[in-house]
Amino acid sequence: MRSRILISILIFIFLILFYSTLFVALMQNYEGRSYSIVDGFYWVIATITTVGYGDIYFTTPAGKIFSVVVMVSGVLYFFGFLLPYAIIPWAEERLKLVLPTSVKMSNHIIICGYNLFTVEFCKILREFGVNYVVLEKDPERVRRALDDRVVCVLTSGSERSFLENGVERANAMIVAWDRVEDILDTLLTLKEYGIPKYVVYGDYRYTKYLLYAGAKKVFLPKSLIASSIARMILQEVEIGKRREIFDGVQAIEIVLPSNISVSELEERGLRVIAACRLGNLEFNPPKDRILEKGCVALLAGTEEAIKGIVYEGTHFRLR
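Using this note's numbering, read the sequence shown as starting at 68 and increasing by one per residue.
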């Protein structure tokens, strides 16, 4: 920005000096009048700004043509160069709100790019109560995301920016930039970090290159809707894993695919340890409690009992 303003000033000074010199020469040779360079400076300023006081003027055709050239070049300079190139960008920079560049989070999901896919993906994450942050390079998209109450920050795409947004503490990363060059740059920049990186990109021809660059999986938006991708990623990150708590008894976290009561789950040999819906956590819910669709439930039971309710086709693939 400073360089633009400096260039504009230098161009204006050059025009003033050049036209002032021509003014003195034309007045001497065509008008037969003698003026100093200071007079020329005064006349050029009055003419190039189209103010024109009229106390000094040309009467010969050559002088009048020169006056027209000075006036037209002034209009072109101010409205064709100075205003759009320096003044308007400077004003926008001054008036622009300071956008956030980092957040403090842990056990969250980092999403690269704010677009139609990530809009839907963020809705699902909010429904499941999962923390996330969207990193976006376009300031206008960041403003739009903030207006939509999406946790979004402005990023340069550098390693430092990812570190400031907790890449070392995150559970997963969704790389959904619009350009494949940006996706590859992010994957290569963070290749040494152990965080699983899931890529969403529409051209299948780049899949093998993205996997080679460090992507764990590559999703094609044309073949998978956002909700399906979200569930598959959540399975990989933290939900859908069976954990053996003692001999013969396992625990698992699932997102319920439909409404079901606690008593129905207990009839199937499962104990509901806790249930979470939109961030509201409840331990040992009563038997008559109806657990709504989308509720994250922590269940305990035998392996056979868990397989009876959690299977591919209903929800997450059991691992």
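Glycine included, every Cβ here is placed at the ideal spot set by N, Cα and C.
In this chain, residue 190 is not harboured by any beta strand (DSSP E); it is covered by the alpha helix (DSSP H) spanning 183–195. Taken atom to atom, the span from the alpha-carbon of residue 214 to that of residue 207 is near 11 Å.
Annotation for residue 326: 357, 358, 359 and 360 place their beta carbon closer than 8 Å to its own, counting only its chain and skipping 5 residues before and after. DSSP places residue 265 inside the beta strand (DSSP E), whose first and last residues are 264–267.
The beta carbon of residue 78 sits closer than 8 Å to those of 144 and 148, all from its chain and outside the five residues before and after it, given in chain order. Burial state of residue 320 is buried, judged by a 10 Å Cβ sphere holding 16 or more other Cβ atoms.
Under the three-state reduction of DSSP output, residue 240 falls in the strand class. Rounded to whole angstroms, the gap between the alpha carbons of residue 287 and residue 72 is 46 Å.
In its chain, beyond the 5 residues on either side, 101 have a beta carbon closer than 7 Å to the beta carbon of residue 95.
Under the three-state reduction of DSSP, residue 337 is assigned to coil, being neither helix nor strand.
Ranked by Cα distance from residue 111, the first of 126, 276, 99 and 134 is 134. At the C-beta level, residue 271 and residue 277 stay beyond 8 Å of one another. Apart from sequence neighbours up to five positions away, the residues of its chain that approach residue 131 with a beta-carbon distance below 8 Å are 125, ordered along the chain. DSSP, read as helix, strand or coil, puts residue 235 in coil.
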